[in-house]
Every structure is written in structure tokens, then in C-alpha cells.
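Going left to right, the sequence shown walks through residues 3 to 533 as the numbering used here numbers them. Written out below as C-alpha cells is the structure these notes cover.
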Amino acid sequence: MPADPPSATAADLPRAVQVVVAGGGPVGLAAAIELGRRGVSCLVIEPRTTVSHARPRCKTINVRSMEHLRRWGIADRLRDRAPLSPAWSQDVVFCTSLAGYELSRFTGVLGLVPDGDRFPELGQQAPQYVLEELLRDVAGELPLVQLATGTRVTDVEQDEAEVRVTVSDEAGQRAIVSAAYLIGADGPKSMVRERIGSGYLGEHALRPNFGMVFRAAGLWPHVAHGPAVHYWVVNPAAPALLGPIDTDGTWWIIAFGVDRETGEREARRLIDAAAGVPVEATVLSTDPWTARMQLVDRMRVGRVFLAGDAAHLNPPFGGHGLNTGLGDAVDLGWKLAAVLQGWGGPRLLDSYQTERRPVQEQVLREATANMAVTSTELLADNLGDDDAAGRQARQAASERIQQTKRQEFHALDLVLGITITDSPVIVRPQAPAKSFAAGTLLPHAWLGPGRSLYDELGEGFTLLRRGGNADGEGIEKAARIRSVPIKIVDEPAPDAGGPALALIRPDRYLAWAGNREPADALALIDAVRGA
Ligand SMILES: Cc1cc2nc3c(=O)[nH]c(=O)nc-3n(C[C@H](O)[C@H](O)[C@H](O)COP(=O)(O)OP(=O)(O)OC[C@H]3O[C@@H](n4cnc5c(N)ncnc54)[C@H](O)[C@@H]3O)c2cc1C
């Protein structure tokens with residue numbers, strides 16, 4: 003693996019780039035990769051010189067994020083680095099402890115098993131740092147992307163012509179970089195958000211949670227439930243959620259309702275209680291956190307856009323925060339590139355907030371609903387008893403778990419199914435079709451073994467001609483007149499149903515669909531490019 007780049011100094015920074023990205027976390031790096039691949043020069047400002055392994059945080063990289071990685075050509079690189087393959091386990095187990103009774107189980111969770119044609123890439127379980135290290139490497143391979151670690155954004159000013167970003171290095175030296183646009187992907191404490199006068203609205207959960215990473219090489223033989231990606235421990239001594247980081251004995255755990263002080267004092271007791279047996283464990287790092295349910299009031303002010311945790315925070319249940327942030331990065335990335343390349347119009351940038359906000363709101367609602375029932379809420383008398391009362395309590399718990407937790411682990415309708423209903427750059431008929439409608443993600447199809455329809459799509463727009471339809475000349479010509487990159491793809495034998503023509507955006511959403519070309523193809527192209 004290439005070494006981390008040395009810290010940058012103010013003197014190393016360019017005076018001007020097309021886009022400055024504040025924050026080289028997963029979302030900022032994803033935005034830079036989307037932009038850099040599209041020929042846009044960008045500078046990523048990031049204080050951390052190395053990626054810490056102390057806080058694995060995101061473990062669930064969902065099928066939609068994996069699809070972005072596939073489009074960037076790096077899905078396999080992530081799988082090569084991930085300590086656990088999807089084949090290792092696709093189960094979530096609820097139990098009284100790792101060594102104790104099983105209460106309930108969900109199988110085929112979190113997009114870890116194929117689902118017919120539904121998506122081309124399985125989800126992947128991997129600690130967030132594995133993804134971040136890969137994204138750093140990939141950003142570093144793009145000639146137009148510069149990652150300046152050891153630097154931070156300290157001020158932002160903008161006018162009609164440009165945005166000027168003040169960057170400070172570790173020695174306190176400053177540089178001002180001007181750019182056409184700034185993306186604030188600088189996390190929950192975003193300096194960019196503060197500078198543009200945007201603010202979070204929403205709530206903060208009161209319950210503390212205590213995260214740890216620990217090594218317990220001798221723990222696996224005590225695990226009574228076989229491999230799983232999550233073990234939800236329903237046990238009054240340590241209501242918790244834990245899972246393996248690798249198969250060698252490194253684990254993450256979240257102890258619910260435990261504050262920092264208690265967690266640090268009682269770390270070993272919490273691990274033993276979750277394991278159900280005393281184990282030799284070494285705590286490698288701790289990470290206390292509380293859940294927040296917050297969205298910014300404005301995701302854009304002038305030339306500055308917010309993305310990722312700088313713009314929205316949701317409880318981690320269901321594994322959506324980072325994945326939603328990657329969705330922001332992709333959406334903003336292709337739209338900014340289109341505008342910088344001259345074919346995207348101003349409404350394309352307006353559509354960023356219009357399109358992403360409903361997605362973020364829906365994710366926030368689901369993640370909050372997921373948080374309503376955790377191990378703590380599932381506690382009940384007798385769960386650990388080896389008698390009739392125990393069996394009855396476990397049966398009741400199992401029923402409750404199946405009723406309340408299924409959606410959290412089988413959330414593909416949320417991950418793939420969100421429809422953009424109100425966007426200035428999506429042309430929807432008065433009565434949109436139920437499937438294959440403008441504003442939905444292009445339904446995936448396998449064209450042959452391992453050959454995805456998505457792999458055939460262009461980097462710009464794609465006109466999909468379905469079922470031998472040879473129409474589409476007018477749309478193609480209109481796109482060329484407006485310099486909109488377009489690729490024509492014939493899908494010879496699509497599943498029954500759906501329109502004969504579909505105009506697909508770079509993010510694989512349908513911008514328009516119909517059985518024949520509209521009378522004014524130029525008006526269609528102008529609408530979808532936000533002119
Ligand atoms: C316990 C837990 C579990 C989670 N599990 C999941 C999961 O399974 N799936 C999921 O999708 N999400 C999960 N999340 C959420 C996920 O961790 C975040 O959504 C994700 O880190 C957001 O990425 P980001 O790049 O927006 O922000 P961050 O990761 O916070 O990155 C922001 C970056 O900005 C940098 N920065 C800060 N200040 C400045 C400045 N002034 N100038 C420049 N740079 C700056 C920081 O150094 C940092 O690198 C979980 C979170 C928690 C707490």
C-alpha cells in the first residue's frame with residue numbers, strides 16, 4: 003500500500019483550482035474522485051495526515067455505494083482490502099450473549115446476497131478506515147486531484163465570480179486558494195457550514211453509547227451462533243451490539259446507554275458480559291458517541307455546497323450516514339462537472355438540494371425508527387433462564403425482534419428505491435409509470451454472466467433504446483447541439499414492460515422515459531441539463 007503523503011504546506015497549494023473540497027473524509031474524497039474522473043481539477047484540504055483505525059464507525063457499505071465504486075473501477079479493490087468477504091456471513095443474530103441463547107436471526111441482510119437482477123454489486127462490510135484509505139489512494143492516482151493533508155480550511159469568502167478559501171497548514175502559514183466552487187465535506191463540526199451561515203436543525207438523542215475496538219484472540223470458540231456480521235446482545239449486564247472486524251479476533255462493540263467515564267472504567271466487564279464468558283481482551287480504542295437527527299437549513303449558499311455529515315446526521319442504525327454522503331458526492335460531482343464543462347445550466351446546481359433533501363429526510367426517518375428498538379428496549383425478564391419461563395420469554399423476544407428489526411437489515415427499498423419526485427431537471431409525465439419512471443434509478447439488468455447493463459452506460463447521459471427500438475435520433479442530435487455527452491445503448495431483450503426509450507443521467511437515474519421521442523427534443527435536453 004502506498005505510504006501516506008507527507009503534510010502539505012501553504013506554499014505547496016495552487017492559487018486556483020476549479021473546485022476546493024474541504025474535508026478528505028469519505029465524502030470529500032468521493033466528491034474529488036467523481037470530479038477528477040470527469041476532468042475537473044480539485045484540491046482536497048484535510049487536516050489528518052493518516053487515517054486512524056481507532057474508530058471503525060461505518061461498517062455497512064451498501065449496494066448503491068458499491069455500485070458507485072464499480073463505476074469508478076474500484077469495487078474489487080475494496081473487496082480485496084476488506085477483512086471479511088460477503089460470503090463470510092450474511093446473518094444478523096440477536097442473543098443473550100455470544101456464548102448464550104440465540105433469540106432470533108435475520109439472513110441475507112444488508113445486500114450481502116444476490117437478489118436476481120436487482121443490483122450488480124453486493125454490499126460490503128468493511129471498517130470505514132479501509133474505505134477511506136482506498137479512496138485516498140484512488141484520489142492520489144487522479145492527475146487532476148491534489149490531496150493536501152496537514153491543512154485545514156479556516157475561512158471562506160465568495161462573490162459572484164469566485165470563492166476564496168483560506169487554508170492554514172500545521173505551521174500556521176496561510177494561503178488563499180480561489181475556485182469556482184467549494185464543497186464543504188468537513189464533517190459534523192463543519193467550518194464551511196458555519197462560514198456560510200447554514201445551521202443544523204433537529205434533535206440530539208440523550209442516550210450515550212460507548213464504542214470500543216478490542217482484540218480477543220480466544221473469543222471465537224465461545225461464539226455459539228456461528229458467523230454473523232452483527233450480534234445484538236440482549237442482556238441487562240451489557241445491552242450491546244458487536245461484530246467482528248476480521249476473523250483473527252479483532253472486534254467492534256457498542257455498549258448502549260454507557261457514558262465515557264463508565265465505559266472506560268468498566269470496559270473489560272462490558273466485553274465479558276457481551277461475550278457471556280470471561281475473555282482475555284485488550285481494548286485498542288474507545289469511541290463514545292450520541293445519535294443526532296439533524297439536517298442543515300441550507301445545503302447551498304452561492305458557490306458553496308455542503309455534503310455528507312456537514313449537511314446531515316442520522317443515527318447509525320441501518321448503516322446509512324456515509325452511504326447517503328457518498329450519494330451527495332456523486333450527485334454534486336457530476337452536476338458541478340457539467341456546469342464547469344459548459345453544458346450544465348444553473349438549474350442543475352439548484353437541483354442538488356431539491357433532489358438530495360428528500361433522500362436525506364427519508365434516511366433520517368428510517369434510521370430514527372431503527373433506533374427506537376435496540377438491545378436495551380428488547381430487555382425482558384427470564385431471557386437467560388433454562389426453564390419454561392425462559393423459553394417463553396425468548397419466544398416473545400424473537401417475535402418482537404422479527405416485527406421491529408426486519409426493516410433495518412432489509413432496506414433495499416430505501417437504498418435503491420427512492421424516487422425523485424420534484425426536481426427541476428427531471429421530466430416527469432403527469433401520471434408517471436409505476437416502474438421505469440423518470441426520477442427512479444434505472445432498473446438493473448444482467449446482460450450476460452457478470453455483464454451488467456450499468457457497465458454499458460456512458461459517463462455522461464445515455465439514451466437507452468429498448469427492445470429493438472431504433473428511434474432516438476432527435477434526442478441524440480439535440481444533445482450534440484448542446485454539447486451534452488451522450489451514448490446510445492441498445493438493450494435488445496429487456497424484461498416485459500417499461501418504455502421504449504429512456505434517458506439516463508450520469509448517476510443512473512432516469513431523467514426522462516417514453517415510448518417515442520418528444521416533439522421538441524431540444525427542449526427535453528435543455529430541461530435535463532438545467533438550462
Ligand atoms: C458508531 C457509528 C457507526 C456508523 N456506521 C455507519 C454505517 O454502517 N454506514 C454508514 O453509511 N455510516 C455509518 N456511520 C456514519 C459515518 O461514520 C459518517 O456518516 C461518515 O464518516 C461521514 O463522512 P464525511 O466525509 O461526511 O465526514 P467525516 O468522516 O467526519 O469527515 C470529515 C473530514 O473533514 C475534516 N475536517 C474537519 N475540519 C476541517 C477543516 N476545517 N478543513 C478541512 N477539513 C476538515 C476531518 O478531518 C474529516 O476527515 C456511523 C457512525 C457512527 C458514529
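The beta-carbon is built from N, C-alpha and C at its ideal position, and this holds for glycine as well.
Opposite residue i in the DSSP bridges: which residues?
| i | result |
| --- | --- |
| Phe216 | Trp253 and Val285 |
| Gln394 | Answer is none; Gln394 lacks a bridge partner. |
| Ser454 | Trp448 |
| Met295 | Glu205 |
| Val21 | Cys44 and Tyr183 |
| Val427 | Answer is none; Val427 lacks a bridge partner. |
| His314 | Leu297 |
| Gln148 | Leu45 |
| Trp514 | Leu505 |
| Leu244 | Tyr233 and Ile255 |
| Phe307 | Ile185 and Arg302 |
| Leu71 | Answer by DSSP bridge pairing: none, since Leu71 is not bridged. |
| Pro290 | Phe212 |
| Ile63 | Gln126 |
| Leu443 | Tyr511 |
For my contact list, residue i and residue j are in at a C-beta cut-off of 8 angstroms; report their separation, rounded to the angstrom.
| i | j | result |
| --- | --- | --- |
| Ala163 | Val46 | With 8 angstroms as the limit, Ala163 and Val46 do not qualify as a contact, their Cβ atoms being about 23 angstroms apart. |
| Leu272 | Ala293 | Actually they do not touch by this definition, with Cβ atoms about 19 angstroms apart. |
| Val1 | Gln160 | This structure leaves residue 1 out entirely; the chain is present only between 3 and 533. |
| Ala477 | Leu505 | Here the sequence assigns Ile to residue 477, which means Ala is not the residue at that position. That pair is a contact at about 7 angstroms. |
| Glu493 | Leu455 | 6 angstroms |
| Arg79 | Ser87 | Actually they do not touch by this definition, with Cβ atoms about 14 angstroms apart. |
| Val235 | Ser377 | 6 angstroms |
| Ala440 | Trp514 | 5 angstroms |
| His412 | Val111 | 7 angstroms |
| Asp188 | Ala312 | 6 angstroms |
| Val285 | Asp274 | Not confirmed; about 12 angstroms, so no contact. |
| Asn517 | Ala495 | That belief does not hold up - the Cβ atoms of Asn517 and Ala495 are roughly 17 angstroms apart, past 8 angstroms. |
| Gly344 | Arg40 | Not quite, the Cβ-Cβ distance comes to about 13 angstroms (not below 8 angstroms), so this is no contact. |
| Arg52 | Ala173 | Arg is not the amino acid found at residue 52; the sequence shown has Thr there. Contact flag wrong, Cβ pair sits at about 18 angstroms. |
| Arg83 | Val132 | 5 angstroms |
| Arg482 | Asp528 | That pair is no contact at about 13 angstroms. |
Taking only beta-carbon positions, decide if residue i is within less than 8 angstroms of chain D.
| i | result |
| --- | --- |
| Asn325 | No chain D is present in this structure, which holds just one protein chain. |
Pair every Cβ in the segment 173–188 with every Cβ in the segment 17–31, then say whether three or more of these pairs are closer than 8 angstroms.
-> yes
Are at least three pairs of beta-carbons, each pair with one atom in the segment 360–367 and one in the segment 317–336, less than 8 angstroms apart?
-> yes
Kindly provide the ranges of any beta strand (DSSP E) runs that are 3 or more residues long and lie completely inside the segment 153–196, ordered along the chain.
-> 153–160, 165–171 and 176–186
With a floor of 3 residues, list each beta strand (DSSP E) that falls wholly inside the segment 75–133, ordered by position along the chain.
-> 93–97 and 104–109
Would you say the segment 390–398 touches the segment 35–52, given that touching needs at least three Cβ pairs under 8 angstroms?
-> no
Whole beta strand (DSSP E) runs in the segment 454–497 with 3 or more residues, listed along the chain?
-> 463–468 and 488–493
How about the segment 86–95 and the segment 136–144: do they share at least three Cβ pairs that are nearer than 8 angstroms?
-> no
Is it a yes or a no for the segment 125–140 touching the segment 429–448, going by three-plus beta-carbon pairs under 8 angstroms?
-> no
Does the segment 45–62 touch the segment 117–128, meaning 3 or more C-beta pairs lie closer than 8 angstroms?
-> yes
Does the segment 239–257 come close enough to the segment 205–224 that 3 or more CB-CB pairs lie under 8 angstroms?
-> yes
Whole runs of the alpha helix (DSSP H) within the segment 318–350, excluding any shorter than 4 residues = 323–342
Should the segment 250–265 be regarded as contacting the segment 109–128, the criterion being three or more beta carbon pairs within less than 8 angstroms?
-> no
Touch check for the segment 201–214 and the segment 278–295: three-plus C-beta pairs under 8 angstroms?
-> yes
Does the count of Cβ pairs from the segment 435–449 and the segment 364–378 closer than 8 angstroms reach three?
-> no
Please specify which runs of the alpha helix (DSSP H), each continuous and at least 4 residues long, are wholly inside the segment 376–421, giving them in chain order.
-> 377–380, 390–411 and 414–419
Tell me, please, whether the segment 507–515 touches the segment 459–470 by the rule of three or more beta-carbon pairs shorter than 8 angstroms.
-> yes
Below 8 angstroms, can you find three or more Cβ-Cβ pairs linking the segment 378–391 to the segment 24–37?
-> no
Counting pairs of beta carbons, one from the segment 417–428 and one from the segment 475–490, are three or more of them closer than 8 angstroms?
-> no
Segment contact flag, the segment 68–76 with the segment 194–206, C-beta cutoff 8 angstroms, min 3 pairs | no
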